[in-house]
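**Q** Everything in the sequence shown is counted per our numbering, starting at 3 for the first residue and increasing by one.
We put the beta carbon where it would ideally sit given N, CA and C, even for glycine.
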Amino acid sequence: MTRVLLFIGTGWAFGSVHSELIKYMHSRGVVADVLDWSKVYKREEISLMANYYDYFYGVPGETWPLTDNYGIPHEKIVVVAHGEYDLQHVVASRPLDEIEQFAGYAVISAFLRDLSAELGIKRVPKVVKYGINCRRFFSPLPSQLRAVGYGG
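1. Quick check on the burial criterion: 16 or more other C-beta atoms within 10 angstroms. Buried or exposed for VAL130?
2. Could you give the DSSP three-state label for ARG115: helix, strand or coil?
3. Where does ARG45 fall in DSSP's three states?
4. Check whether the Cβ atoms of VAL80 and ALA105 lie closer than 8 Å to each other.
5. Examine the Cβ distances between the segment 85 to 103 and the segment 59 to 66 and report whether three or more of them are shorter than 8 Å.
6. I think TYR43 touches ARG5, with their Cβ atoms under 8 Å apart; what is that distance to the nearest whole Å?
7. Excluding the five sequence neighbours on either side, which residues of its own chain have a C-beta within less than 6 Å of the C-beta of VAL92, listed in chain order?
8. With a threshold of 8 Å on Cβ separation, who are the neighbours of GLY122 within its own chain once the five nearest residues in sequence on each side are excluded?
9. In the DSSP output, which residue or residues are listed as bridge partners for ALA83?
10. Identify which residue in MET3, LYS41 and MET51 has its Cα closest to the Cα of ARG30.
11. For LYS131, does the three-state DSSP call read helix, strand or coil?
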């Protein structure tokens with residue numbers, strides 16, 4: 003049985019999407035839990051988690067607390083870029099070859115796969131679906147505009 007700890011932000015849509023991912027993983031026999039990256043943890047706590055979980059999941063450029071502060075080896079981390087910022091941020095703030103060291107590297111669209119190459123990242127990412135339960139967020143188009151500034 004594989005055990006994965008998602009090291010992500012838990013608020014807004016990002017948290018909701020990953021909550022659905024956790025349910026999806028559980029339904030397929032994967033132990034999956036979440037750890038909010040906005041909190042500070044003791045190195046001993048993370049060390050215990052590293053002994054339990056097979057992999058950590060995060061966003062490229064945002065896993066530095068795991069590697070730099072908590073000593074989690076890159077080989078235990080899978081990263082998924084969700085937007086242009088994720089790739090631009092990792093290129094601007096981390097060693098470019100860091101992507102090569104992760105256990106897995108993925109993006110959520112062909113556009114991001116191509117951008118990854120344009121930014122000089124040599125590793126070719128897997129392209130994975132962003133949403134697991136898209137029907138949960140479906141809303142029929144309204145017959146008329148009632149809220150200005152809504153982009154849903």
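**A** Put simply:
1. Taking the sequence shown and counting its residues from 1, the one referred to as residue 130 is at position 128. So VAL130 counts as exposed.
2. In the sequence shown, counting from the first residue as 1, residue 115 sits at position 113. DSSP places ARG115 in helix when its eight states are reduced to three.
3. For this step, residue 45 is matched to residue 43 along the sequence shown. Looking at ARG45 - three-state DSSP - the assignment turns out to be helix.
4. The sequence position of residue 80 within the sequence shown is 78, counting from 1. The sequence position of residue 105 within the sequence shown is 103, counting from 1. Yes, Cβ-Cβ distance for VAL80 and ALA105 is below 8 Å.
5. The way I'd put it, the segment 85 to 103 does touch the segment 59 to 66; three or more beta-carbon pairs between them come closer than 8 Å.
6. As a position in the sequence shown, residue 43 is number 41, starting the count at 1. As a position in the sequence shown, residue 5 is number 3, starting the count at 1. Rounded, the Cβ-Cβ distance is 18 Å, inconsistent with contact.
7. Residue mapping note: residue 92 aligns to position 90 of the sequence shown, counting from 1. Within the same chain, Cβ atoms closer than 6 Å to the Cβ of VAL92 are found at PRO62 and GLY63, the five residues on either side in sequence being excluded.
8. For this step, residue 122 is matched to residue 120 along the sequence shown. Once the five neighbours on either side are set aside, the close Cβ partners of GLY122 are VAL93 and LEU98.
9. Here residue 83 refers to the residue found at position 81 of the sequence shown. Bridge partners of ALA83: VAL109.
10. If you number the sequence shown from 1, residue 30 lands on position 28. When only C-alpha atoms are compared, the closest one is MET3.
11. Position 129 of the sequence shown, counted from the start, is the residue given in the question as residue 131. LYS131: coil per DSSP, three-state reduction.
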